[in-house]
Amino acid sequence: MAEAVHDKFVIERRFRQAPARVFAAFATEEGKARWFSGPNEAWEMVDRHFDFRVGGTEHLEGRWKSGTVTRFDCSYHDIVPDGRIVYAYRMKLNGKPISVNLCSIELLPDGDGTRLLHTEHGIYLDGYEDNGSRFHGIGLQYDKLAETLPG
C-alpha cells in the first residue's frame, strides 16, 4: 500500500446568471446533464443516477475512447438552495478507487450574476498521482457550465 497524497484547491468562477439559475444547473438532473460529463468527443456515458437532496446520491460512469472507465460516486451532505452545496465523492478508474474528496460549492451574489467558489480537499489513494488533472478537469466542466447556462 502506497502512502495517500493529500491536496486542496479552490476554483473561482463568475457567471452572468443569478445564483438561482446557477444552482438549478446543479440541482436538476436535466441541468446537470448538460455540463457534468466527460468531453463529448472522447467519452461515452455508461450509467447515471441523480438524487439531489441531503442524504441523496449521484453516480456517473463513462467510458473513454481508450477503453478506460471512470466512475463518480457522490453523497450530498448539506444543501442551501441558491447558496451552498457540500458533498463527498469517490472516483474510480477501471473499478479501482483512486480518490476520496470533500467539496463545497458556494454561490455568492455578484451584481446581477454569481461568483462560484469551489473548494475541494482530496485524498489520492494507493500511489495514484493526480498531477493537477482533477483541478484541470473541474475547470473544463465549469467552462461547459458557462456555455450551457440558459439566460
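Per this note's numbering, the sequence shown starts with residue 24, numbered consecutively.
Where a beta carbon is used, it is the ideal one built from N, C-alpha and C, also for glycine.
So residue i packs on residue j, CB below 8 Å; how close in whole Å?
i: K115; j: T93; result: 7 Å
i: H82; j: D101; result: Incorrect: roughly 19 Å between the Cβ atoms, too far for contact.
Excluding the 5 residues preceding and the 5 following residue i in the sequence, name in chain order all residues of the same chain whose CB lies nearer than 6 Å to its CB.
i: V45; result: F38, L130 and T137
i: F158; result: F32
i: S98; result: T80 and A111
i: T142; result: V33 and S127
i: R36; result: L139 and Y165
Alpha carbon to alpha carbon, how far is residue j from residue i? Give it in angstroms, no decimals.
i: S122; j: R57; result: 25 Å
i: M68; j: G134; result: 36 Å
i: L172; j: M24; result: 43 Å
i: A48; j: K88; result: 27 Å
i: D149; j: P120; result: 9 Å
i: R86; j: W66; result: 6 Å
i: P76; j: P42; result: The question names Pro, yet the displayed sequence has Arg at residue 76. Answer to the nearest angstrom: the Cα atoms are 18 Å apart.
i: F59; j: K167; result: 8 Å
i: H144; j: G174; result: 32 Å
i: R107; j: L125; result: 13 Å
i: G78; j: D30; result: 25 Å
Just grab the DSSP bridge partners of residue i for me.
i: D149; result: Paired residues: none, contrary to the question.
i: R36; result: L139
i: Y110; result: Y99 and C126
i: G85; result: M68 and T93
i: T80; result: S98
i: L116; result: T93 and K119
i: D1; result: The shown model of the chain, from 24 to 174, leaves out residue 1, and the question about it has no answer.
i: F73; result: E81
Helix, strand or coil: how does DSSP classify residue i here?
i: D133; result: strand
i: L172; result: coil
i: F59; result: coil
At least one CB of chain D closer than 7 Å to the CB of residue i: is that the case?
i: A169; result: Annotation note: the requested chain D is absent from the structure, which comprises a single protein chain.
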